[in-house]
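Data first, discussion second: the structure below is written as structure tokens.
2 protein chains.
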Amino acid sequence: MLAEIITIGDEILIGQIVDTNSAWMAEKLNHAGIRVKQISSVSDNREHILAALAEAATRADIILITGGLGPTKDDITKKTLADYFNVGMVLNDAALENVTRIFEKYNRPLLEVNRKQAEVPSNCDVILNKNGTAPGMWFNSDGKIYVSMPGVPFEMKYMVEEEVIPKLKAKLKLPVIIHKTLLTVGEGESFLAEKIADIEDSLPPNIKLAYLPKLGQVRLRLSADGDDAALLQQAVDLYATKLVERVGQSVVAEEDIPLEKVVLNLMAGQGLTLSVAESCTGGYISHLITQHAGSSQVFLGGVVSYSNQLKQSILGVKTDTLNDNGAVSEQTVREMVEGALRNFSSDYAVAVTGIAGPDGGIPEKPVGTVWIAVANANKTVIKKFTFGNKRLQNIERSAVWVFFMLITLLKEYKK
Amino acid sequence: MLAEIITIGDEILIGQIVDTNSAWMAEKLNHAGIRVKQISSVSDNREHILAALAEAATRADIILITGGLGPTKDDITKKTLADYFNVGMVLNDAALENVTRIFEKYNRPLLEVNRKQAEVPSNCDVILNKNGTAPGMWFNSDGKIYVSMPGVPFEMKYMVEEEVIPKLKAKLKLPVIIHKTLLTVGEGESFLAEKIADIEDSLPPNIKLAYLPKLGQVRLRLSADGDDAALLQQAVDLYATKLVERVGQSVVAEEDIPLEKVVLNLMAGQGLTLSVAESCTGGYISHLITQHAGSSQVFLGGVVSYSNQLKQSILGVKTDTLNDNGAVSEQTVREMVEGALRNFSSDYAVAVTGIAGPDGGIPEKPVGTVWIAVANANKTVIKKFTFGNKRLQNIERSAVWVFFMLITLLKEYKK
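Residue numbers (my numbering), protein chains in the order written: chain F, 3 to 417; chain G, 3 to 417.
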């Protein structure tokens with residue numbers, strides 16, 4: 003069963019927003035056993051939308067459309083869908099009730115433009131929008147399914163999870179697709195590929211291996227399709243085991259989770275706590291951790307000691323250390339991590355100090371110089387890195403290595 | 003002049019990565035006066051890539067392609083392009099030299115798969131990859147321009163900025179497109195639309211207005227196209243001024259910058275410093291600020307006081323305050339912000355404490371309850387919010403309101 007995703011909006015085509023909806027929908031569809039053939043982003047233009055719909059219908063059975071359902075004049079998706087299906091517009095009572103309810107809740111007057119949001123093409127089934135005013139629309143036409151949803155992510159997500167996927171599953175006999183992902187850190191894509199070439203060559207035709215590199219990390223993804231979920235799972239697990247044996251300790255997870263979640267799972271499982279002392283990463287490490295529900299079980303908190311004064315007052319870094327070695331040095335990062343362990347009373351601590359750039363480099367310490375420390379009560383491990391000259395990349399790479407070093411230390415001391 | 007962007011990679015279609023390259027390229031093309039007609043993501047499949055290339059060529063003059071140039075077997079873009087143009091592959095000396103240099107630099111053996119990266123279709127001009135091993139490729143064919151680049155963002159970005167855009171500008175006579183964006187906070191899209199309906203109706207046909215909503219913010223974007231840059235700019239500025247007068251103080255910026263950059267610009271301009279005390283936002287506010295080069299001029303640092311102990315030890319929140327009112331309360335957020343001002347010696351401070359969810363809510367303080375405080379030496383402003391039950395959204399909304407409240411206070415005290 004093939005699907006296509008069409009996202010509508012000039013803001014995507016002029017690059018003002020990144021289309022995150024498509025990846026999210028694609029993942030949900032894949033997990034339901036529906037392959038996404040193509041993702042297309044088109045403008046808020048009648049002819050262009052009509053052409054995209056017609057093209058998608060030649061390739062796919064299910065067409066998910068987001069965007070262009072707002073109350074304002076640049077939003078023309080709904081009217082264009084009516085033209086595409088050659089039907090008129092009707093006022094939908096349930097949708098109007100929903101809009102009215104939302105405006106009453108927020109004590110806002112119901113404007114004419116908002117009332118219009120309850121009008122839909124006459125051939126659709128309305129999908130109620132529990133998180134907003136624009137209704138979703140489900141169309142059956144010529145053996146194809148079209149679903150139009152708002153572009154606002156949390157409105158669309160609710161509809162896909164609660165309405166669209168369950169309805170698709172009920173209507174269609176779906177094949178099985180099984181993915182398994184190994185998360186590796188610290189090795190390059192081509193180095194990994196060479197190391198596992200013979201395993202890759204031995205894969206049966208219905209199992210594919212993909213390499214997904216991302217600063218400092220490579221995900222190895224096995225995908226299998228067929229009819230028998232249990233058999234597919236068995237085959238995928240077999241090859242995953244072979245890969246793990248071959249690649250060794252740079253595999254930090256055997257599921258598709260973010261690196262920081264590996265840390266949280268390892269620590270929560272042992273009842274351990276963590277604190278952080280961030281300089282050049284500026285809160286990014288804390289943010290990555292605290293995105294995850296339940297992180298407060300592990301994460302006590304930390305300091306973003308951008309100024310030297312905060313390194314001294316909160317972490318107890320000595321004035322002499324800063325004067326003699328500078329803020330970006332082995333001695334400073336050691337005192338930072340040990341200060342965090344002591345002052346924040348955590349089982350483990352991490353610290354980072356470096357020059358993220360683009361300014362602030364000197365010949366002995368160019369932009370991209372980063373010192374990382376991870377510690378528990380028994381051991382402090384410190385490493386120096388020389389990354390590049392891109393600020394955001396230096397911040398991201400630092401976080402990757404912080405987590406990798408921490409995972410390595412956690413494994414060494416695993417009870 | 004029309005362009006299309008094709009991103010190639012199964013990882014996009016199964017939703018494992020978000021395609022951020024397209025938005026970035028679209029923005030660069032637009033600024034160069036090239037409109038992006040469509041963005042398509044297709045799989046690592048020969049026929050599908052061939053079809054996408056042929057379709058794009060019917061609509062656009064310039065086709066930018068990213069992805070599928072890695073050294074591994076799932077990467078087939080290069081071979082497929084050779085088939086599309088019906089040419090053979092040749093070894094490119096400059097590309098080989100580049101690969102060799104990179105492997106020498108990192109002291110890695112040059113593998114056969116890496117050597118192959120220097121092979122390209124015989125009809126292309128190679129674009130050297132200064133940040134990686136896969137060469138970019140420029141093709142002129144049947145009056146169209148095709149450019150194939152790696153999918154790794156920092157490799158692609160360098161090529162677009164340094165090679166592709168300059169070369170396109172040199173070759174083509176480009177029309178002028180002018181954008182102007184107003185960033186508004188705190189008002190809904192339809193409320194804004196009703197307020198400015200008559201201005202929108204009075205726009206000439208070559209100027210368009212788009213509404214770009216994002217949690218708590220709406221960007222109003224005016225776009226004009228034509229031949230005379232100065233005249234277009236004048237017209238766009240005129241309508242922007244009318245919009246600003248009408249919408250009033252919820253306009254926080256008259257350029258397309260992130261909200262936190264508005265704060266940094268305002269504070270840097272007056273030589274003011276900032277510190278933060280974050281609980282439920284978990285480092286996100288610090289991260290947003292410190293993403294930006296030069297933020298250290300304003301940002302002294304802060305604490306992520308996830309645990310109560312850190313709220314007490316670093317910020318000086320009183321035990322009685324926590325016992326009597328709880329961590330999520332007006333009294334606690336007041337002591338947090340005033341503790342940050344005092345202990346971190348900054349001109350301004352912000353503090354947030356709340357229940358991000360999904361767990362931790364109680365009837366009197368449901369998930370989504372957030373207290374925010376902003377302060378300078380003269381004034382502390384505190385507000386309570388009741389957001390929803392989505393963790394990441396609660397974190398993001400909190401950050402939006404922290405910055406909006408801070409901007410409001412900064413304007414009140416502007417020298």
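Ideal placement from N, C-alpha and C gives every residue a C-beta, glycine not left out.
Assigned exposure category for Ser281(F) - 16 Cβ within 10 Å defines buried = buried
Secondary structure at Met3(F), three-state DSSP: helix, strand or coil?
-> The three-state reading of DSSP puts Met3(F) in coil, since its state is none of H, G, I, E or B.
Would you call Ala379(G) buried or exposed, if buried means 16 or more other Cβ atoms sit within 10 Å of its Cβ?
-> exposed
Per-residue DSSP class, three states only, for Asp227(F) | strand
Please confirm if Lys81(F) has its CB atom under 8 Å from at least one CB of chain G.
-> no
Nearest CA to the CA of Val92(G): which residue from Val122(G), Ile65(G) and Lys107(G)?
-> Checked all of Val122(G), Ile65(G) and Lys107(G); the closest Cα to Val92(G) is Val122(G).
So the beta strand (DSSP E) Arg37(G) belongs to, where does it begin and stop?
-> Arg37 to Val44
What does Ser298(G) touch in chain F if you count any residue whose Cβ is under 7 Å from its own?
-> Tyr308
Which one of Ile201(G), Lys216(G) and Gly218(G) has the shortest CA to CA distance from Lys210(G)?
-> Ile201(G)
Return the CA-CA distance between Leu174(F) and Leu15(G), expressed in angstroms with no decimal places.
-> 20 Å
Specify the secondary structure class of Val89(G) as computed by DSSP and reduced to three states.
-> Taken through DSSP and simplified to helix, strand or coil, Val89(G) comes out as coil.
Distance, Cα to Cα, Val408(F) vs Gly271(F)?
-> With the sequence shown as reference, residue 408(F) is identified as Leu, and Val is not the correct amino acid for it. Between Leu408(F) and Gly271(F), the C-alpha separation is close to 15 Å.
Measure the alpha-carbon distance for Gln314(F) versus Ala342(F) and round it to whole angstroms.
-> 11 Å
In chain order, what residues of the same chain have a beta carbon less than 8 Å from the beta carbon of Ala195(G), not counting five sequence neighbours either side?
-> Glu202 and Tyr213
Which residue's Cα is closest to the Cα of Thr186(G): Gly17(G), Val220(G) and Lys244(G)?
-> Val220(G)
Counted within 10 angstroms of its Cβ, other Cβ atoms place Asn94(G) as buried (16 or more) or exposed | Under this definition Asn94(G) is a buried residue.
For Gln272(F), the three-state DSSP class (helix, strand or coil) | helix
Straight-line CA distance for Arg223(F) to Ile41(G)?
-> The alpha-carbon atoms of Arg223(F) and Ile41(G) are separated by roughly 25 Å.
For Leu317(G) and chain F, any beta-carbon pair shorter than 8 Å?
-> Look at Leu317(G): its C-beta is not under 8 Å from any C-beta on chain F.
Can you name the start and end residues of the alpha helix (DSSP H) that His181(G) belongs to?
-> First-last for His181(G): Val178 to Val187, but that is the beta strand (DSSP E), not the alpha helix (DSSP H).
To which residues does DSSP link Ile67(G) through a beta bridge?
-> Ile8(G) and Ser150(G)
In angstroms, rounded to a whole number, what distance separates the CA positions of Ala199(G) and Asn391(G)?
-> Distance between the alpha carbons of Ala199(G) and Asn391(G) is about 33 Å.
Less than 8 Å separating the beta-carbons of Ser307(G) and Ala279(G)?
-> Against a cut-off of 8 Å, the Cβ pair of Ala279(G) and Ser307(G) comes out as a contact.
For Lys146(F), return the contacting residues in chain G, with the cut-off set at a CB-CB distance below 9 Å.
-> Chain G residues near Lys146(F): none, gap ~19 Å exceeds 9 Å.
Thinking C-beta only, is Asp21(F) closer than 8 Å to Ser43(F)?
-> yes
Residues of its chain near Ser24(F), where Cβ-Cβ distance is below 7 Å and the 5 sequence neighbours each way are ignored | Ile7, Thr9 and Ile41
Near-chain G residues of the stretch 200 to 219 of chain F (beta-carbon distance less than 8 Å), N- to C-terminal order | Glu202, Lys210, Leu211, Ala212, Tyr213, Leu214, Pro215 and Lys216
Would you list the one or two residues that DSSP bridges to Arg221(G)?
-> Leu185(G) and Leu214(G)
Is the beta carbon of Gly218(F) less than 8 Å from the beta carbon of Val402(F)?
-> yes
From the DSSP output, read off the bridge partner residues of Ser2(G).
-> What the structure shows of chain G is the stretch from 3 to 417, and residue 2(G) is not part of that stretch, so it cannot be assessed.
Do you know offhand how far Leu113(F)'s Cα is from Lys107(F)'s?
-> About 15 Å.
Out of Glu99(F), Ser124(F) and Arg110(F), state which residue places its alpha-carbon closest to the alpha-carbon of Thr82(F).
-> Ser124(F)
Assign Ile179(F) to one of two classes, buried (16 or more other C-beta atoms within 10 Å of its C-beta) or exposed (fewer than that).
-> buried
Between the Cα of Lys67(G) and those of Ala120(G), Asn345(G), Val254(G) and Lys159(G), spot the shortest distance and give me the residue it belongs to.
-> Per the sequence shown, the amino acid found at residue 67(G) is Ile instead of Lys. Checked all of Ala120(G), Asn345(G), Val254(G) and Lys159(G); the closest Cα to Ile67(G) is Lys159(G).
Let me know the beta strand (DSSP E) ranges lying completely inside the stretch 295 to 358 of chain G, each 3 residues or longer, listed in chain order.
-> Correct list: 301 to 306 and 350 to 356.
What distance in whole Å lies between the Cβ atoms of Leu170(F) and Ile64(F), which are believed to be in contact at a cut-off of 8 Å?
-> 7 Å
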